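Below: one structure, written as structure tokens.
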Amino acid sequence: MIQKQKGCNDIYGKDAKIWKYIDSVIDAVMEKYNYTYIRTPLIEATELFHRTIGTSTDIVTKETYDFTDRGGRKITLRPEGTAGVVRSFIENKMYGDASLPLKVYYNGTMYRYERPQSGRDRELTQFGMEILGSDDPLCDAEIISLAVNIYQMLGLKEIKVNINSLGDDASRLKYREELIKYFKPHINDLCEDCKERLEKNPLRILDCKVDAENPLLKNAPKTLDYLNEESRDRFEKVQEYLDIFQVKYEINPNIVRGLDYYNHTVFEIEAKVSGFGSNNVLGGGGRYNGLCKQLGGPDTPCIGFACGIGRLKTALELEKVKLPITETIDLFLLYVNDEEKKYAAYLSQELRLAGFIVDTEYNNRSLKAQFKQADRLQAKYTAVLNSTDLNNNEIKIKNNKTKEEEIISLDAIIYYLDEKLNTNLDDEDECGCEDECCTDDHCDKNCHCHH
RNA sequence: GCGCCAUUGGUGAAGUGGUUAACACGCUGGUUUGUGGCACCAGUAUGCAAGAGUUCGAUUCUCUUAUGACGCCCCA
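Take -12 as the starting number for the first sequence in this note's numbering and just add one per residue.
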């Protein structure tokens, strides 16, 4: 049997519905904030990621999907969204557009050649947004607020926003030096990995898991103490705007992000629900004012955010957020003989065009089997087409929940369903609980249904 | 890249170096020549991830590979 590739997933059935729902919320919120959708290629020149990510980490050397195409070009499957957006911004000369800043969002699959574990696959879906062409602290706050807003619109409550500022390049460089100076005498008190990090990426020592409780880390110099006046003012403005947006956040000096190109505001949003593995960061972002120039474009200040939808979906599940997913159908048509089958075909078409979700039998199975199928599909109504009834211009329609059966005129079926299904919906809202909820003693919904 | 554990029908799974691989759910059919969900009956893995090895004999032991789960590195 041919299996799917390691760390990739087939998404179908209910999962696919949840996925599409999440996408629809993203689209809706982005529209309100006036971010336009951008779709860039899944493949890019390998060099793009080398230039953006740099070679200081393992990312480029061993965690991307690289290949050489038939023309001998070095190609990489995009591991993240920002580089492609910035490349597109430069290549299409969007920087010349009069309406800067450009506010865009993307939503698509990314590929990372990593060992899969909890919350981490090789193929992942991320959405994210970028503001290109403005250094205004309002942008920083808006991006964070927008991210929070999407989580809230989806019904997620248990999240925590961590922010920090790395300052401008000068501040950042100075801080880095101070950090090395601070840790160097105590190098033997740190774990093996941290010894490696000291020269390579000292900022990452701060969020080491092994040494997390080490007082050495708690007393380490903080980025914020090394900000120059300008950077500090800027960070304060970001916080002011966040307060105006009523975003709750925490300043966490250990948020450093992995890549060199970040400066000023950096932030992460983590899920606080229990049950997450070690990777509980839903999304993160920051300001990358130097990147555009680094890629050969004009000096353009930018900020962005990205969120893995897989983890987001996990968070929604762990929090048992009820999503408006339709899993039911309105009507299932049953039949026995061929004449009735033809009528089922005709009627299903009519009702579908009238806006109802209708399905019918395809394998000429027994009525018993057809009723079972109707249950599996969670049909709200069933109708057994009967030649005698049809000749009398009548149809017998059954509420599949109450089992009440009514004979109505065929001409009235649309009107009938319309009325019944609308009242039915109201009933369901009254209950509004998932199966699991009702068997749960801690259910706070006071529902009276008996799933 | 490193480590640890796992992989048995449609699903959840039990199990053993040696005849027909439990049990449950599901599914299909029947009892009921056109009204299901209950009940009863019958059917439902020539095979235990793939390949190789040890053995008289392997689903069971060994190795390799693949995939899954979790952790490390890394985290865009």
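All residues carry an ideal CB built from backbone N, CA and C; glycine is no exception. Bear in mind the structure is a predicted one, so any value in this text is a computation, not a measurement.
Same chain only: Cβ atoms within 7 Å of residue i, ignoring 5 sequence neighbours per side
i	result
Gly270	Ala134, Ile256, Phe292, Ala293, Cys294 and Gly295
Lys4	Ile312
Val72	Ile25, Thr27, Val91, Tyr93 and Glu117
Gln(-10)	none
Cys181	Ile192, Cys195 and Asp198
Asn386	Tyr368
Own chain partners of residue i with C-beta closer than 8 Å, once the 5 adjacent residues on each side are dropped
i	result
Asp413	Any reading at Asp413 must be qualified, since the residue scores a pLDDT of 47, below 50, and its modelled position is unreliable; the value itself is stated next. Taken in chain order, the list of residues that qualify is empty.
Asp431	Only weak support exists for where Asp431 lies, its pLDDT of 40 falling under 50; the value from the coordinates is given anyway. Closer than 8 Å at Cβ, skipping near neighbours: no residue.
Glu237	Lys147, Val148, Asn149 and Ile150
Asn266	Gln104, Ser105, Gly106, Arg107 and Arg298
Ile316	Ile344, Val345, Asp346, Leu364, Gln365, Ala366 and Lys367
Residues of its chain near residue i, where Cβ-Cβ distance is below 6 Å and the 5 sequence neighbours each way are ignored
i	result
Arg57	none
Cys178	Val197 and Asp198
Thr375	none
Leu89	Met81, Leu119 and Gly120
Val371	Leu321
Ala341	Ile401
Gly0	none
One or two residues paired with residue i in a DSSP bridge
i	result
Ala258	Ile146
Leu119	Leu89 and Cys289
Ser335	Note: Ser335 sits in no beta bridge, so no partner.
Leu111	Met97
Tyr24	Tyr92
Glu237	Asn149
Spatial distance of residue i from residue j (CA atoms)
i	j	result
Thr44	Glu348	57 Å
Asp14	Leu310	16 Å
Glu417	Asn409	With a pLDDT of only 41 at Glu417, under 50, the local geometry of the prediction cannot be trusted, and the value read off the model is given with reservation. Cα to Cα, the separation comes out at about 13 Å.
Leu111	Lys(-7)	12 Å
Asp127	Val225	6 Å
Phe343	Ala32	48 Å
Pro288	Gly273	11 Å
Phe232	Glu129	8 Å
Glu34	Pro240	32 Å
Leu299	Ile(-2)	15 Å
Arg191	Lys7	36 Å
Arg244	Ala85	32 Å
His37	Lys61	11 Å
Ala207	Tyr169	7 Å
Glu391	Asn351	25 Å
Glu415	Glu18	Note that Glu415 scores 45 on pLDDT, short of 50, meaning its location in the model is unreliable; the coordinates nonetheless yield the value given after this. So the alpha carbons of these two residues sit roughly 30 Å apart.
Ser132	Leu229	7 Å
Asp108	Arg74	25 Å
Pro189	Cys195	10 Å
Ala356	Glu393	22 Å
**Asked** Which parts of the region 287 to 326 are runs of the alpha helix (DSSP H), unbroken and 4 residues or longer, counting only runs that do not cross its ends?
**Response** 296 to 305
**Prompt:** With a cut-off of 8 Å, do at least 3 Cβ pairs link the region 272 to 282 to the region 299 to 310?
**Reply:** no
**Request:** Take every Cβ of the region 138 to 149, pair it with every Cβ of the region 325 to 338, and state whether three or more of those distances are shorter than 8 Å.
**Result:** no
**Prompt:** In chain order, which continuous runs of the alpha helix (DSSP H) of length 4 or greater are located wholly inside the region 32 to 93?
**Reply:** 33 to 40, 45 to 49 and 69 to 78
**Request:** Scan the region 141 to 194 and note each continuous alpha helix (DSSP H) run of 4 residues or more that stays entirely inside, going in chain order.
**Result:** 156 to 170 and 179 to 187
**Prompt:** Would you say the region 231 to 249 touches the region 151 to 162, given that touching needs at least three Cβ pairs under 8 Å?
**Reply:** yes
**Prompt:** Do the region 209 to 222 and the region 159 to 167 make contact, defined as three or more Cβ pairs closer than 8 Å?
**Reply:** yes
**Asked** Which runs of the beta strand (DSSP E), 3 residues or longer, sit entirely within the region 355 to 407?
**Response** 366 to 371, 381 to 386 and 392 to 396
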